[in-house]
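Novice:
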Amino acid sequence: MTGRDIETQACFIIEQMLQAIPAVSDLRISYQMRGDNACPDILAEVEIEGPSKGSRTVPYTLLFEVKSNGQPRWARIAAVQLTRYVQQAHARGVPRAYGIFVAPYVSETSAAILQGHGHGYLDLAGNGQLALRGIYVERKGHSNPFSERSELRSLFAPKATRVLRVLLRHPYKPWRMTALAKEADVSYGLVAKAKPLLLDREWAQKTPRGLALVKPDDALDCWATTYRRRRNQIHNYYSLDNRQEAERRLAEAAETLGARYALAGCSGAERFAPHVSYHRATTYVESKQIKQVARHAGFREVSRGANVQIFDAYDDGVFHGKEKIGGIWIAHPVQLFIDLKQTRVRGDESAAFLHSQIIKPLWETALNREKTP
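Counting in our numbering, the sequence shown runs from 262 upward without gaps.
1) Checking 8 Å against the spacing of the C-beta atoms, do residue 452 and residue 466 come in under that value?
2) Once DSSP output is grouped into helix, strand and coil, what is the label at residue 573?
3) Can you find at least 3 beta carbon pairs, one from the segment 479–486 and one from the segment 385–405, that sit closer than 8 Å?
4) Counting Cβ pairs closer than 8 Å, one from the segment 547–562 and one from the segment 594–605, do we hit at least three?
5) Could you check if residue 281 is buried or exposed, using at least 16 other CB atoms within 10 Å of its CB as the buried criterion?
6) Tell me the rounded alpha-carbon separation between residue 528 and residue 340.
7) What residues in its chain sit with their C-beta under 7 Å from that of residue 547, if we drop five residues either side in the sequence?
8) Compare the beta carbon distance of residue 532 and residue 591 with 8 Å and say whether it is the shorter of the two.
9) Check whether the segment 322–332 and the segment 357–366 are in contact - that is, three or more C-beta pairs closer than 8 Å.
10) Any chance you could list the beta strand (DSSP E) runs of at least 3 consecutive residues sitting entirely within the segment 411–469, in chain order?
11) Would you say residue 215 and residue 359 are within 8 Å of each other, going by their C-beta atoms?
12) Beta-carbon within less than 6 Å of residue 287's beta-carbon, same chain only, minus the 5 sequence neighbours each way: which residues are those?
13) Using DSSP with H/G/I as helix, E/B as strand and the rest coil, what is residue 498?
14) In chain order, what residues of the same chain have a beta carbon less than 8 Å from the beta carbon of residue 608, not counting five sequence neighbours either side?
15) Could you tell me the distance, in whole angstroms, from the CA atom of residue 458 to the CA atom of residue 412?
16) By how many angstroms is the C-alpha of residue 438 removed from the C-alpha of residue 426?
17) Less than 8 Å separating the beta-carbons of residue 357 and residue 322?
18) Going by DSSP, which residues form a beta bridge with residue 361?
What follows is the structure, encoded as structure tokens:
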């Protein structure tokens with residue numbers, strides 16, 4: 262959507278919402294000059310009736326800043342602009358000026374930013390909040406019908422998640438673009454594409470030393486809710502051995518054949534932070550050697566009753582940051598958290614435990630390290 266398209270729809274939404282308020286009358290809406298950052302994009306003048314019958318109306322000037330993106334970074338920029346517009350209106354002798362941010366979709370985080378600055382907001386999805394002379398209007402719950410889903414698909418695409426994996430393994434650490442691309446084993450262009458998506462959501466910040474992930478929890482939670490395990494083709498096997506022995510045999514088979522592998526889900530989390538009992542071994546193995554590894558470990562492929570599941574890794578990123586514990590390679594805790602969130606039985610509980618016992622302390626250590634001069 263172009264800026265003019267958004268403004269056109271914004272005028273309709275503004276008029277619709279204000280006309281629905283009985284105390285609002287004499288609504289006049291006007292455009293400002295496009296591209297003029299010294300004044301708001303849309304200006305509306307209204308009369309608001311007093312609380313009692315016959316009391317005089319009070320004029321209000323509503324100042325609208327319209328953006329094509331409603332993510333937190335843009336909401337914060339708009340909040341600063343709106344504050345300036347309100348101050349300028351007061352200086353011109355307009356005592357009752359109120360700033361309102363308009364975008365295709367305004368998230369809860371963005372809404373909180375606007376409210377914290379004393380401004381309202383409206384979005385084209387139908388959400389909004391206004392507070393005028395005793396009038397409080399709030400509309401919530403309308404989902405984003407615009408481009409965020411495609412943006413998230415882009416950010417959480419298999420290769421793109423390699424960038425996020427590096428940042429989640431090393432939160433708060435500043436990265437130059439070329440160094441980040443090398444560490445993530447992706448192109449410079451892919452990092453450049455992911456960067457604005459991270460900045461817009463304020464998960465990351467630009468620092469003098471490079472890009473740093475500053476809200477790892479927000480990024481990880483969003484990734485977990487959008488992750489699709491069906492990307493991994495699952496191969497089901499049965500082993501006569503118990504779960505621990507099956508995991509050991511699988512690791513030995515992979516090591517013997519030179520195949521990359523890493524225990525996943527509960528199998529991996531057990532090595533870091535034991536929490537719940539489980540009866541099925543789970544692991545990632547590079548796709549071209551799954552059958553050989555399973556055969557060498559003595560597993561039998563089954564359609565039902567599997568006690569071993571081998572995930573055909575959808576991307577090499579699942580092996581990034583793996584650690585060897587007790588002679589067996591384990592996926593990084595961030596990947597294990599994602600795995601556990603997809604586990605039906607007590608998965609959320611196990612993920613929360615892994616986060617509190619392992620991931621959070623790692624991130625706190627990383628934060629303290631960056632704070633130390």
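No residue lacks a Cβ here, since even glycine has one placed at the ideal position from N, Cα and C.
Keep in mind that this is a model prediction, so the values were computed, not measured.
Specialist: In short:
1) Contact: no.
2) In the structure shown, residue 573 sits in a strand (DSSP, three-state: E or B).
3) In short, these stretches do not touch, since the Cβ pair count stays below three.
4) Cβ pair count under 8 Å is below three, so no.
5) Residue 281 should be labelled exposed.
6) One C-alpha to the other measures close to 47 Å.
7) Non-local beta-carbon contacts of residue 547 in its own chain, meaning distances under 7 Å to residues more than five positions away in sequence, involve 520, 521, 574 in chain order.
8) Yes, these two residues count as a Cβ contact at 8 Å.
9) Yes, the segment 322–332 touches the segment 357–366.
10) Correct list: 465–468.
11) With the chain represented from 262 up to 634, any question about residue 215 goes unanswered, as that position is not in the structure.
12) Cβ neighbours of residue 287 within its own chain (closer than 6 Å, five residues either side excluded): 308.
13) In the displayed model, residue 498 falls within a strand according to three-state DSSP.
14) Cβ within range, chain order: 601, 602.
15) Answer to the nearest angstrom: the Cα atoms are 7 Å apart.
16) Cα to Cα, residue 426 sits roughly 15 Å from residue 438.
17) Cβ atoms of residue 357 and residue 322: closer than 8 Å.
18) Residue 361 is bridged to 325, 381.
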